[in-house]
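Q: The structure is given below, and queries will be raised subsequently.
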Amino acid sequence: MPEPIAVPARPQPFRFPPGKVALLMIDMQRDFLLPGGFGETLGNDVGQLASVVPPLQRVLSAAREAGMVVIHTREGHRPDLSDLPAAKLRRGQPSLRIGDPGPYGRILVRGEYGHDIIDELAPLPEEVVLDKPGKGAFYGTDLQQILTDAGIEALVVTGVTTEVCVHTTVREANDRGYDVLVLSDCVGSYFPEFQRVGLDMIAAQGGIFGWVTDSAALLDVLPRAAVAAA
Ligand code: TIU
């Protein structure tokens with residue numbers, strides 16, 4: 533049994549067994565990051581998310597080198613919208629609703645250009661791309677089965693947005709018995725105050741549903757994880 537790897541984190545070091553940790557990249561889709569997509573139709577400044585991309589590229593590259601399981605998620609719906617709850621469709625006052633034609637195809641619909649992951653973080657053919665209808669990556673998906681089959685016990689969670697799909701997924705994972713580390717500079721919010729408070733909420737109360745660190749701290753230990761798992 534290889535020794536656990538420890539990453540400095542809030543509220544305590546995050547320990548994970550090498551070979552049993554997966555990188556989860558939540559919804560790094562054009563629909564959330566580019567002008568004209570779902571995020572902007574909701575009235576958000578999508579430029580707020582841009583800073584996440586370079587550190588996430590570094591983490592993705594190091595995770596691949598270390599042989600970590602990498603899972604990409606995409607929020608979106610079937611072209612006939614049969615998996616879209618009416619409550620989600622009519623929510624708010626967006627400039628375009630889910631399924632409407634936008635500059636990158638139909639908003640938040642699977643198979644459309646806007647629904648896919650940004651070029652900078654394009655998945656490799658062997659990486660799992662998980663389509664999810666909701667905010668959490670476990671709801672309505674086979675993520676639990678995929679993690680069980682891969683022997684995964686801990687998750688490093690990244691992506692957008694911190695207080696919506698990242699939070700929902702971290703809470704779902706915590707309730708299912710996974711230790712979860714969130715990388716502060718690899719998760720993004722349209723609202724700076726939600727970014728700060730969203731991260732604080734995870735690590736508060738002794739790490740009530742997870743741990744928080746930054747990409748530099750993980751990048752420091754990942755090569756050791758690869759060696760230890762070999
Ligand atoms: N609107 C918002 O902040 N987020 C979402 O709708 N989905 C995700 O977070 N992916």
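Quick note on my numbering: the sequence shown kicks off at 533 and runs consecutively.
From the three backbone atoms N, C-alpha and C, an ideal C-beta is built for every residue, glycine too.
#1: Can Glu607 be considered in contact with ligand 1, in the sense that its beta carbon sits closer than 7 Å to one or more heavy atoms?
#2: What are the boundary residues of the beta strand (DSSP E) that includes Thr605?
#3: Identify the continuous beta strand (DSSP E) that holds Ala538 and give its terminal residues.
#4: Could you please give the first and the last residue of the uninterrupted beta strand (DSSP E) stretch that includes Asp612?
#5: Could you tell me the alpha carbon to alpha carbon distance between Gly608 and Arg642, rounded to whole angstroms?
#6: For the alpha helix (DSSP H) that Ser593 lies in, which residues bound it at each end?
#7: Flag Lys620 as yes when its Cβ comes closer than 7 Å to any non-hydrogen atom of ligand 1, and as no otherwise.
#8: Evaluate the contact criterion for the stretch 621 to 639 versus the stretch 687 to 694: three or more CB pairs, one atom per stretch, below 8 Å.
#9: For Leu751, which three-state DSSP category applies?
#10: Is it buried or exposed, Arg638, if we count other Cβ atoms within 10 angstroms and call 16 or more buried?
#11: Of the choices Pro586, Gln589, Leu588 and Asp563, whose alpha-carbon is the least far from that of Asp577?
#12: For Pro755, which residues from the same chain have a beta carbon less than 8 Å from its beta carbon, with the 5 sequence-adjacent residues on both sides left out?
#13: Mind checking which residues open and close the beta strand (DSSP E) that includes Arg629?
#14: If you draw a straight line from the alpha carbon of Asp632 to that of Leu574, how long is it in whole angstroms?
#15: Report the option in Cys718, Gln580 and Leu662 whose CA atom is closest to the CA atom of Gly672.
#16: Report the residue from Leu675, Gly730 and Pro724 whose alpha carbon sits nearest the alpha carbon of Leu556.
#17: Can you say whether Leu621 is buried or exposed, counting buried as having 16 or more other CB atoms within 10 angstroms of its CB?
#18: Quick one: grab the DSSP three-state call for Met733.
A: Taking the coordinates as given:
#1: Reading the sequence shown from its first residue, position 75 is the one you call residue 607. Placement of the Cβ of Glu607 at a distance of less than 7 Å from at least one heavy atom of ligand 1 is found.
#2: Within the sequence shown, residue 605 is the residue found at index 73, counting from 1. Thr605 -> beta strand (DSSP E) spans Val601 to Glu607.
#3: Residue numbering aside, residue 538 sits at position 6 when the sequence shown is read from its first letter. Ile537 to Val539 is the span of the beta strand (DSSP E), which, as asked, contains Ala538.
#4: If you number the sequence shown from 1, residue 612 lands on position 80. Taken as a continuous stretch (DSSP letters only), Asp612 belongs to no beta strand (DSSP E), as it is neither H nor E.
#5: Along the sequence shown, one-based indexing puts residue 608 at 76. Along the sequence shown, one-based indexing puts residue 642 at 110. It is roughly 6 Å from the alpha-carbon of Gly608 to the alpha-carbon of Arg642.
#6: Within the sequence shown, residue 593 is the residue found at index 61, counting from 1. From DSSP, the alpha helix (DSSP H) with Ser593 extends over Val585 to Glu597.
#7: Position 88 of the sequence shown, counted from the first residue, corresponds to residue 620. No.
#8: Judged by Cβ distances under 8 Å, the stretch 621 to 639 makes no contact with the stretch 687 to 694, as fewer than three pairs qualify.
#9: Walking along the sequence shown from the start, residue 751 turns up at place 219. The answer is helix: DSSP assigns Leu751 an H, G or I state.
#10: One-based indexing of the sequence shown puts residue 638 at position 106. Buried, by the Cβ-count rule.
#11: The sequence position of residue 577 within the sequence shown is 45, counting from 1. Ranking Pro586, Gln589, Leu588 and Asp563 by Cα distance to Asp577 puts Asp563 first.
#12: By one-based count along the sequence shown, residue 755 stands at place 223. The answer, listed in chain order, is Ala594, Glu597 and Ala598.
#13: Locating residue 629 in the sequence shown gives position 97, where the first residue counts as 1. No beta strand (DSSP E) contains Arg629, which DSSP labels as neither H nor E.
#14: The count along the sequence shown starts at 1 and reaches residue 632 at position 100. The count along the sequence shown starts at 1 and reaches residue 574 at position 42. Each residue's Cα considered, the two are about 13 Å apart.
#15: Working through the sequence shown from its first residue, we reach residue 672 at position 140. Of Cys718, Gln580 and Leu662, the residue nearest in Cα terms is Leu662.
#16: Walking along the sequence shown from the start, residue 556 turns up at place 24. Of Leu675, Gly730 and Pro724, the residue nearest in Cα terms is Leu675.
#17: Here residue 621 is taken as the residue at index 89 of the sequence shown, counted from 1. So Leu621 ends up on the exposed side.
#18: The residue you call residue 733 lines up with position 201 of the sequence shown. If DSSP states are grouped into helix, strand and coil, Met733 belongs with the helices.
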